[in-house]
Amino acid sequence: MIEERRKHIRAKRRIPVKIADKNFDIITDTADISTSGTYCRVTRLLPLMSKIEIVLLIPVAENESKTQKIKCKGVVVRAEPILLKDTDKAHYNVAIFFTEVHKKDQKLLEAYVKHADVHEEGAEVEEKADI
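Residues in the sequence shown are numbered consecutively from 180, following my numbering.
Quick look at the structure:
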């Protein structure tokens, strides 16, 4: 049996995210997000432990039509190939652990996840890998 370790609230919210390194830029949406990482779908394999740069467009709690940009760094901690109907392109679900987030941006992220937890049905606390 796998030991459950996740301690952070995860909001199942789709927000725009850009994932990049010196060789590529990927634009996608999050499937869920926490203060320590995110889970999303991409169309290229990202090797485990790849160091990447991330830009998130977080909705402002008071006015969700406005967004704030959060730039941070992260590492790919899980990459799973998935099969999608009606496409011949490869897709992967990837889990990204945030390794470097400025304090100001961390506070914005915490506020966003807490806001989603209170105001959305899509937030949950999971006790799995801390990402």
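The beta carbon of each residue, even a glycine, is placed where N, CA and C say it ideally should be.
Whether residue i touches residue j by CB criterion (9 Å)
i, j, result
"THR209", "ARG223", "no"
"PHE248", "THR278", "As written in the sequence, residue 248 is Lys, which differs from the Phe given in the question. No."
"PRO226", "VAL256", "no"
"ALA199", "ILE231", "yes"
"ILE275", "ARG220", "no"
"ASP284", "LYS250", "yes"
Through-space distance from residue j to residue i, alpha-carbon basis
i, j, result
"ILE237", "THR214", "12 Å"
"GLU183", "ASN272", "Because GLU183 sits at a pLDDT of 38, beneath the cut-off of 50, its placement in the model cannot be relied upon, and the following sentence gives the value as read from the coordinates. So the alpha carbons of these two residues sit roughly 20 Å apart."
"ILE194", "ASP204", "16 Å"
"ASP265", "ARG189", "30 Å"
"THR217", "LYS282", "18 Å"
"VAL292", "ILE212", "7 Å"
"ALA290", "LYS197", "21 Å"
"LYS201", "LYS268", "23 Å"
"LEU288", "ILE206", "19 Å"
Residue interval of the beta strand (DSSP E) (run including residue i)
i, result
"HIS270", "270-280"
Original post:
At which residue ranges does the stretch 186-268 contain complete beta strand (DSSP E) runs of 3 or more residues, listed in the order of the chain?
Top reply: Qualifying beta strand (DSSP E) stretches, in chain order: 188-190, 195-200, 203-212, 216-221, 230-239, 242-261.
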